[in-house]
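full-length UniProt numbering numbers the first residue of the sequence shown as 1 and each following residue consecutively.
Where a beta carbon is used, it is the ideal one built from N, C-alpha and C, also for glycine.
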Amino acid sequence: MGSRLTPSIHLFSGLLVTLLLIGLTLAHSINEFKTVYQKKAQAVFASSQDMFLQHRIMLDALRSFFHASEAVSPEEFEIFAKDLLRIKSALAFTLTPALQLAYLSDPAQSAELNRLQLFRTEQGELQAQLRDYLLVAIKIDEPNMPYLIYAISQKRILSRIDQEQNVCVTYQFEHSIVRSSACDRPPAVGFWRLFAYSDEQFVVLSEYQTQFNLQVYYQVPRAEVIEILVIILSIALLGSAFSILWFVKAKHRQVVQRIEWENRSKLALLASINHEIRTPINALLGYSKMLKKTLAARHSTPVQTDAVNHHEQALSAITDKMIWSANLLYSVAENTLNYSKAEVGKLKLDQHPVNLREYVGRIQEYYRAFNRTSGKKLTVTVSDSLPDWLALDGTKLFQLVTNIINNAFKYSTGDQVHCYIDVHSSPIHDSTSAKLRILIRDFGEGMSRQAKRALDDPFIHQSVSSQGISGMGLGLYTCKRLLEQIGGKLRLRSQKGRGTIVLLRFPCQLDCQVPEPTNHYVKQPLLLVDDNLFNLEICRSVLESHFTHIHSADRAEEALRLFQTLRPAIVIVDYRLKDSDGLALIKQMVIAQAEHSWACQYFLLSANDRHEIPDLAQFPEVIFMQKPFSIEVFLSKLATVSQR
């Protein structure tokens, strides 16, 4: 359940992180906008307080000027107030009890006072208004001039508040409003109101019977808001894309894991089936060879009658056909397993020294019986330039070569199949890049275009009308895939009426170490362990022609007892045992061997590839051999070990 939810968890986690980043970015941006506004508002409020403080000081100075003198002349008032108020563009004047103009701080601005409006409220308080000025009226103790009017230029206020860019500043007095140029912009509406800030201060100057309201409004420039929105949108897009990619990657990993699990299950099933199939096949092959060997021995006896000889020859021919059929069945089982491994890239080389001349003899022996029954003849030629010994994977090479030759025997209309073996044109001393080249040619009618497709499609059904045979190109496809997996190549050329040529290039090493004879093992004890009595009897029969003292056991407990008693120099153990497995038994033997200290070489025999036995890597001293048991491979590996 958790595995199925993993991609969704990755997707939601990515989206959650994206939302978190968007939230943090938006919160940080709003906080920055608010901080900028607060700084601007504080600057406006501080500037306003400073400005009115200066005017208050001047107004207090003017009032004190009148308090300090019993009589103030117009000239004295002008001298005192003119230069003082000019700095702040302010104007001061006095009024008589009849509300007539008396003293003026700057006579040059007397024309400004023509628009002066004066009136009294119901409470009898004096109110004054003058266009483009803010007026503050206070009482002074001059009997002839009871009122002092202080006029502040609105232009001066505007020039000061316009210094704060993008900030709308509004001074609202009792009878007038002063607004900065930024207030001319339309107010934010809808979405943009989220990025608008405002504040106000209400100031009361009771000693001057004056009050005003200061309002500050700030709207974040749309360019900055759009910039933040673009950043947030980019984060959203990138985060969503990352989340989707993470989801796809997790989904892909899940699919790959499922495919790998299915492949492992399929390979395990096929390996198990292959193992079960090989057991009776090995028994059939072994007993057939034992029967043939017995018949050959009896045929050499001179006292036999002609009738008996004829009967035994017929029986020998039947035995050859049994061997051929068993080998063909084994090839089909091996093709099926190798096809599955090639599809999932699980094929690997298991190189060991091989006597090439003897190896070719095995191939010729393999087809000798079929030559007599099919009317076709196989001719194998080995280049004289090749050494006798090569390091290669003999099992896979035998499978490849017999697959191609089987196809030639089965489908070709000719009666000859030629096989040429030499080395690829790469330098002889470069053993790492050497390729054994095997060319197999028949002389039939050639392959049709549909039949050639078997190289790329393993399930092409090809009918050969002249022979009445039908089949599928699983073997040919498997050969190509197997070679591709292990670094080789397969080329096919077929011409109508001129037959078919298949060229294989198989990896090998030319500078392998030639195994030495293993005569010193002949009279030393050899222990053979297998829970299948057929395999046990067959392997024992094969080994008896090379070793004198062979002991066998079909149970792990009995094998361990014989091991401790006989102290064998060679132990061959089947991997799958009823009450244990081969590696676990070998581990017990190694412990027992360490207590008594004698030399022993261990061999593990299995129908599986060595790469399908995970614990084998923990036993570097154990030599692996794949079934069916081959005395040639066994002696080659044993000779290689004895040289170390």
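Contact set for residue i: own chain, Cβ-Cβ below 6 Å, skip 5 residues either direction
i	result
Val641	Gln601
Ala128	Leu118, Leu135, Ala137, Ile149
Ile179	Note on identity: in this sequence residue 179 is Arg, with Ile being the wrong assignment. Excluding residues within five positions, the ones whose Cβ falls inside 6 Å are Thr170.
Phe443	Gly414, Gln416, Gly499
Gln211	Val204
Ala283	Phe534
Span separating the alpha-carbon of residue i from that of residue j
i	j	result
Ser412	Gly499	8 Å
Leu419	Leu490	Note that residue 419 is Cys in the sequence shown here, rather than Leu. If I take the Cα positions, the gap works out to 15 Å.
Ile586	His546	23 Å
Thr228	Gln163	Looking at the sequence shown, residue 228 is not Thr but Ile. Each residue's Cα considered, the two are about 26 Å apart.
Asn327	Gly582	26 Å
Gly286	Glu537	9 Å
Phe619	Ala584	10 Å
Gly468	Thr478	With a pLDDT of 39 at Gly468, under the threshold of 50, the modelled position of this residue cannot be trusted; read the value that follows with caution. So the alpha carbons of these two residues sit roughly 24 Å apart.
His424	Ser331	27 Å
Asp350	Ile22	57 Å
His429	Phe624	Because His429 sits at a pLDDT of 49, beneath the cut-off of 50, its placement in the model cannot be relied upon, and the following sentence gives the value as read from the coordinates. Roughly 29 Å between the two C-alpha positions.
Tyr37	Cys168	11 Å
Met472	Ser636	Low confidence applies here, because Met472 scores a pLDDT of 41, under 50, leaving its location unreliable and the question unanswered by this model.
residue 645	Trp389	Residue 645 lies beyond the stretch modelled for the chain, which goes from 1 to 644, so this question has no answer here.
Ser470	Arg453	Below a pLDDT of 50, predicted positions are generally treated as unreliable, and Ser470, at 38, falls in that range; no measurement from the model is reported.
Leu439	Pro280	33 Å
Gln215	Ile177	11 Å
Leu205	Phe45	16 Å
Ala188	Leu158	23 Å
Cys183	Tyr217	8 Å
Ser541	Lys266	35 Å
Contacting residues, own chain, Cβ-Cβ under 8 Å from residue i (five flanking each side not counted)
i	result
Leu85	Met58, Leu91, Ala92, Ser105, Asp106
Ser192	In the sequence under discussion, the amino acid at residue 192 is Trp, which differs from the Ser named in the question. So the list reads Gln219, Arg222, Val225, once near-sequence residues are dropped.
Thr25	Ile228, Ile231, Ile232, Ile235
Glu557	Asp579
Leu483	Leu400, Lys489, Leu490, Leu504, Arg505, Phe506
Arg160	Ser47, Met51
Exposed unless 16 or more other CB atoms sit within 10 angstroms - verdict on residue i
i	result
Arg264	exposed
Asp393	buried
His28	exposed
Gln485	buried
Lys245	Checking the displayed sequence, the identity of residue 245 turns out to be Leu instead of Lys. Burial call: exposed.
Glu142	buried
Ile354	Just to set this straight, residue 354 is Val in the shown sequence, not Ile. Under this definition Val354 is a buried residue.
Asp384	exposed
Ile9	exposed
Pro525	buried
Val529	buried
Glu595	exposed
Thr395	buried
Asn403	buried
Asn114	exposed
Gln593	buried
Asp456	exposed
Val256	exposed
Contact belief for residue i with residue j at Cβ below 8 Å, rounded distance in angstroms
i	j	result
Lys155	Pro146	Not confirmed; about 29 Å, so no contact.
residue 658	Lys376	This structure cannot speak to residue 658, because the chain is shown only from 1 to 644.
Leu378	Ile421	The Cβ separation is near 13 Å, so there is no contact.
Lys348	His611	5 Å
Leu510	Arg437	Incorrect: roughly 13 Å between the Cβ atoms, too far for contact.
Leu356	Thr319	The Cβ separation is near 28 Å, so there is no contact.
Lys82	Gln54	Contact doesn't hold; Cβ gap of about 17 Å is too wide.
Ser606	Gln626	7 Å
Asn543	His551	Before going further, note that residue 543 is Leu rather than Asn in the sequence given. Their Cβ separation, rounded to whole angstroms, is 11 Å, which puts Leu543 and His551 out of contact at 8 Å.
Phe534	Ile572	Not quite, the Cβ-Cβ distance comes to about 16 Å (not below 8 Å), so this is no contact.
Ala569	Ala599	6 Å
Ser316	Lys292	6 Å
Leu566	Leu527	7 Å
Cys512	Ala391	3 Å
Sequence-distant residues of its chain with Cβ nearer than 7 Å to residue i (five each side left out)
i	result
Ser243	Leu11, Gly14, Leu15, Thr18
Thr6	Ala250, Gln254
Leu95	Leu101, Ala102, Met145, Tyr147, Ile149
Phe33	Phe195, Val220
Asn213	Gln172, Glu200, Phe202
Check: residue i C-beta below 7 Å from any heavy atom of the ligand COA
i	result
Ala92	Ligands in the displayed structure: none, and consequently the ligand COA is not present.
Short CB-CB distance (under 8 Å) between residue i and chain B
i	result
Leu349	Among the chains of the structure shown, chain B does not appear; only one protein chain is present.
Original post:
Using 8 Å as the Cβ pair cut-off and three pairs as the minimum, do the stretch 13-27 and the stretch 250-262 touch?
Top reply: no
Subject >> Cβ contact (3+ pairs, closer than 8 Å) linking the stretch 230-242 and the stretch 188-205 >> reply: no
**OP:** Would you be able to state if there are at least three C-beta pairs under 8 Å between the stretch 438-455 and the stretch 357-371?
**Re:** no
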